[in-house]
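The structure under discussion appears below in the form of structure tokens.
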Amino acid sequence: MKTATETDVTQLNSFLRGELSAVETYEQAIAKLDDDPALRARLADCRMSHQQRAALLRDEITRRGGEPAEGSGVWGAFAQLVEGGAKVFGKKAAIAALEEGEDHGRDDYRAELDNLDSDIRMFVETKLLPEQLRTHDTLSALKHSL
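Shown next, in the form of structure tokens:
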């Protein structure tokens, strides 16, 4: 049976894999959407936000005695899907897929809040979720502007 700390580290690593996948997905979308510098800049801002959240999660996992995940795992498949969508279907499809990923990240953080230790819950609510909502809103606005 896992201890509370092990369970928390497992969940934090799940969040970390999601953030790493988001970084990969944004990198691939940015590389494919090279004809729109303004769009690339907004996507780069979102990518940076996910990179910062990944760093925060790594630090928190290490602080709790855990070993941070090194890759996105199964979430990396989503990055491949977005890359293919951007190549085949263009800008709108890539933005829609990125927004779907932002939806998933938001929903994942929210769904797990009640299962977290109080200090980890506060960490998620104050450090991770506000930025997740910001990047989600950015993608939603981009999608509606295209």
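Position one of the sequence shown corresponds to residue -1 (the numbering used here), numbered consecutively onward. Heads up, the beta-carbon is just placed ideally off N, CA and C, and yes, glycines get one too.
- prompt: Anyone know if the C-beta pair for Ala94 and Lys141 falls short of 7 Å?
  reply: yes
- prompt: Looking at Arg15 and Leu126, is the spacing between their C-beta atoms short of 7 Å?
  reply: no
Cut-off 6 Å between Cβ atoms - residues of its own chain near Leu54, not counting five sequence neighbours on either side: Lys125
query: So Phe111 and Arg104 are in contact, right, with Cβ under 8 Å, and what is the actual spacing, rounded?
result: As written in the sequence, residue 111 is Leu, which differs from the Phe given in the question. That pair is no contact at about 11 Å.
message: Does Gly88 come out as helix, strand or coil in the three-state DSSP assignment?
response: coil
- prompt: To the nearest angstrom, how far is it from the Cα of Val122 to the Cα of Phe13?
  reply: 10 Å
Helix, strand or coil at Leu144 [DSSP, three-state]: coil
query: Given a threshold of 16 other Cβ atoms within 10 Å of its Cβ, counted over all protein chains shown, does Ala36 qualify as buried or as exposed?
result: exposed
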